[in-house]
Amino acid sequence: MDDESIRLLVFASTAFFACISGFIIYFVVLYRNKQLKNKREQEKQQTAFQQELLKAQIEMQEQTLLHVSREIHDNITQVLSFVKLSLGLAGNSTEDTKQAKITESRELVSQAISDLRDLSKSLSFEHITNFGLLKTIEIETKRVNKSGIINMVLTIEGDVYPLGEQRELVLFRIFQEALNNALKHASAQHFKIGLQYHDEMFNLTLEDDGSGFSANSLSNSNGSGLRNMENRAALIGAAATINSSPGKGCCIKVTLNPLEQLLKPNGYHPDRFG
Amino acid sequence: MSNYIISYFILLLIVSVIGVVRYKKLTTPFKILSVLIILTLLLEITSEICAKKYKNNLPVSHFTVLSEYIFLSLTYYFIFKNKAIRTSIKIIMLIFIILFFVNAIFIQPYHSAFPSNMYTLEEIIYAIFSLMLFKQMLLYPLPVNIIKQSVFWFNTSILFYSTTMFFNFGLINYYIKHHLNDQVIFDFIAGINMIFYLLIGISIFIDNKQTSTNNG
């Protein structure tokens, strides 16, 4: 082999390998930077998600406590006052009347105990963890129907499967918000809840026959609760659609793919490589 | 047999053994790659035998270029998740196969000419696939050290090999034109081949179905 051939090869190959190695090193550095950037973004989104979740939990607790205090004031206190009055009057009555009043008071006290038990069940948001979304909505439906404020109908389609604690918590909060709106703002008489469990799709439909609202009201401050629902649904990878018009009630539909990652930013992109 | 040929066969054998031993643990693209390495080893042995016995191993070279292209394209097909890219790979594969037969029958007959046209085309396509994969990797990075990603090693080896082959074609032309000793280039190509299979070996060695985040 002559020297010139070798010299040329060494020179050309060194230059070539320097280019290729430079490219690979540059790629590795770029990749590392991208990884760090993604990690930071993910952490930021995780924090936002946790904050939003905490906010939802606090709101649920507030709502529950408000309901408990109202229930104690309007129902249990009234029943117990009546029992107290009834037992106070029994002292001067005949034996038969006394017996009747005691029986009536016992029944009223049993009712108060039952009401208190129901209340204790709804005191904590943890019952979502224990009972799941469906059971919690069932309990809530039963409780509200018992109060007679509104007529609630619950329909379930498909085989029930768990959606994950955080998702169920957010969905229950959306349900609470919709119910609250139907009672407070829409003066609705009927409230329909639909839970559809399909293989790759879960739907939560909340429908009331209240006063409704125009699409414009979603953009003003009164619509912040509804916008909250949309934002929260997006947080768990769901889509919320709100349909309403004045005098025609409101229909909220939350659609979720149960197979998708809980938190989109945490999940990998479908075009990813390993 | 030269020292290079012996070391080359030993290297191919080691990579093939790694592929066989780890076959069940590998992801689909790397299973295909392992089959390709075993096939390459068998074809290289056949080529040596044909060269010694019949003084003509050109038909084997033609078959090698076709099988290599199909297997490497399939590897890329399973690595890429993007539907448009996958469709392109399928279409390009079909065109390549048609061109291969046209070339082997009419342009560079399989029994009398080396399929340099197909090798050149193949290297161009590999370089494009490799750059596209690097781009996609940058677009969707994984939270895993890049050194531990089998796809990175595989793609680096392909980029390295395909671009070096172009470099070699250029050098050979220059050497022939200036009447220099071109044996040095062939030794250089032999070295590149060894590095290529070594990198492929690393990628097969670190690829793991259970821990890999590649959904291939």
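So the protein sequences, as listed, match chains A and B.
If you're matching positions, the first sequence starts at 1 in the working numbering and goes up one per residue.
If you're matching positions, the second sequence starts at 1001 in the working numbering and goes up one per residue.
The beta-carbon is built from N, C-alpha and C at its ideal position, and this holds for glycine as well.
- Between the segment 61–70 of chain A and the segment 1167–1177 of chain B, the count of C-beta pairs closer than 8 Å stays below three; the two stretches do not touch.
- Residue state for Gly-88/A is assigned as helix, using DSSP reduced to three classes.
- Cβ-Cβ distances below 8 Å link Asn-151/A to Asn-145, Gln-189, His-190 and Phe-191 in the same chain, with the five nearest sequence neighbours on each side left out; the list follows chain order.
- Of the candidates Glu-1122/B, Asn-1103/B and Leu-1121/B, the residue whose Cα lies closest to the Cα of Ala-1113/B is Asn-1103/B.
- DSSP places Gly-194/A in the strand class (E or B) of the three-state scheme.
- Distance from the Cα of Thr-1075/B is smallest, within the candidate group Lys-1031/B, Phe-1096/B, Ile-1038/B and Lys-1052/B, for Lys-1031/B.
- Cβ contact annotation for Glu-165/A (same chain, cutoff 6 Å, sequence separation greater than five): Thr-129, in chain order.
- Between Phe-1167/B and chain A, the shortest Cβ-Cβ separation is below 7 Å.
- Asp-1187/B sits in a helix when the DSSP states are folded into three classes.
- Of all alpha-carbon atoms in Ser-110/A, Lys-142/A, Gln-78/A and Leu-206/A, the one lying nearest the alpha-carbon of Leu-179/A is that of Leu-206/A.
- Listed in chain order, the alpha helix (DSSP H) elements of length 4 or more contained wholly in the segment 1093–1161 of chain B are 1116–1139.
- Residues of chain B with a Cβ closer than 8 Å to the Cβ of Leu-30/A are, in chain order, Leu-1138.
- Non-local C-beta neighbours of Gly-247/A in its own chain, meaning closer than 8 Å and more than five positions away in sequence, comprise Ser-211 and Gly-212, ordered along the chain.
- The way I'd put it, the segment 1178–1188 of chain B doesn't touch the segment 1145–1153 of chain B; fewer than three beta-carbon pairs between them come closer than 8 Å.
- Cβ contact annotation for Ser-1157/B (same chain, cutoff 6 Å, sequence separation greater than five): Phe-1196, Leu-1199 and Ile-1200, in chain order.
- DSSP places Ile-150/A in the coil class of the three-state scheme, outside both helix and strand.
- For Met-1165/B, the closest alpha carbon among the candidates Tyr-1119/B, Phe-1009/B and Leu-1138/B is that of Tyr-1119/B.
- When CB distances to chain A are screened at a threshold of 9 Å, the residues of the segment 1169–1186 of chain B falling below it are Gly-1170, Leu-1171, Tyr-1174, Tyr-1175, His-1178, Leu-1180, Asn-1181, Asp-1182, Gln-1183, Val-1184 and Ile-1185, in chain order.
- The Cβ-Cβ distance between Gly-237/A and Tyr-197/A does not fall below 7 Å.
- Straight across, the Cα-Cα distance linking Ile-1128/B with Ser-1073/B is about 12 Å.
- For Ser-244/A, the secondary structure class from DSSP, reduced to helix, strand or coil, is strand.
- Three or more Cβ pairs closer than 8 Å define a contact, and the segment 1033–1052 of chain B meets that threshold against the segment 1201–1209 of chain B.
- At the C-beta level, Val-79/A and Ala-112/A come within 7 Å of one another.
- For Leu-1058/B and Val-1020/B, the gap between their C-alpha atoms comes out near 29 Å.
- Beta-bridge annotation (DSSP): Lys-253/A is paired with Thr-205/A and Thr-241/A.
- Between Ala-233/A and Phe-202/A, the alpha-carbon positions lie close to 12 Å from each other.
- With respect to the C-alpha of Asn-33/A, the residue from Leu-1138/B, Lys-1025/B and Ile-1049/B having the closest C-alpha is Leu-1138/B.
- Taking C-beta atoms under 8 Å as the contact rule, Ile-102/A and Ala-90/A qualify, at a distance of about 7 Å.
- Looking only at Ile-1107/B, Leu-1066/B, Tyr-1140/B and Met-1132/B, the smallest Cα-Cα distance to Arg-1086/B is reached by Met-1132/B.
- For Thr-155/A, DSSP records a beta bridge to Gly-194/A.
- Listed along chain B, the residues sitting closer than 8 Å to Ala-12/A by beta-carbon distance are Phe-1167 and Leu-1171.
- According to the DSSP assignment, His-1062/B belongs to the alpha helix (DSSP H) that extends over 1058–1079.
- Separation of Phe-1009/B and Leu-1099/B (C-alpha to C-alpha, rounded to the nearest whole angstrom) is 30 Å.
- For Ala-182/A, the enclosing alpha helix (DSSP H) stretches over residues 165–184.
- For Ile-1146/B, the closest Cβ of chain A is nearer than 7 Å.
- Assignment of Ile-236/A by DSSP, reduced to helix, strand and coil, places it in the coil class.
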